[in-house]
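Participant: Residue numbers (the working numbering): 3 to 100. Virtual Cβ for every residue (Gly too), placed ideally from N, Cα, C. Just passing along the structure, written as structure tokens.
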């Protein structure tokens, strides 16, 4: 009897979760911004690409990089980790074009 009731509880929980977590079925209408006022246009892509900079790390006299996924505030910490993993001495980091 315990296994049957346990099976039924698990089945009921599965049904409740699958039905309760589904989409609502009613889509909210999209609201369009009014014309006029300030426009928020994206800058041209060529300007964004020209401004991209990446972290570069100097280990034992040799520069390594670019590392485009490293954020600005952790470039030094990443450099210490990167050089340490290669048994080299961390010397500096710099931001250069990617």
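1) If you check the beta carbons only, do residue 98 and residue 71 fall under 7 Å apart?
2) According to DSSP, is residue 41 part of a helix, a strand, or is it coil?
3) So if DSSP puts residue 74 in a beta bridge, which residue, or which two residues, is it bridged to?
4) My assumption, with CB atoms under 8 Å, is that residue 56 sits in contact with residue 100. Please give the rounded CB distance.
5) So the candidates are 78, 81, 74, 86; which of them puts its Cα closest to the Cα of residue 54?
Facilitator: Inspection of the coordinates gives the following:
1) By one-based count along the chain shown, residue 98 stands at place 96. By one-based count along the chain shown, residue 71 stands at place 69. Against a cut-off of 7 Å, the Cβ pair of residue 71 and residue 98 comes out as no contact.
2) One-based indexing of the chain shown puts residue 41 at position 39. With a pLDDT of only 43 at residue 41, under 50, the local geometry of the prediction cannot be trusted, and the value read off the model is given with reservation. If DSSP states are grouped into helix, strand and coil, residue 41 belongs with coil.
3) Numbered from 1 along the chain shown, position 72 holds the residue referred to as residue 74. BP columns for residue 74 are empty, so no partner.
4) Within the chain shown, the letter at position 54 stands for residue 56. Within the chain shown, the letter at position 98 stands for residue 100. The distance from the Cβ of residue 56 to that of residue 100 is about 4 Å, consistent with a contact at the 8 Å cut-off.
5) Against the chain shown, residue 54 aligns to sequence position 52. By alpha-carbon distance to residue 54, the top candidate from 78, 81, 74, 86 is 74.
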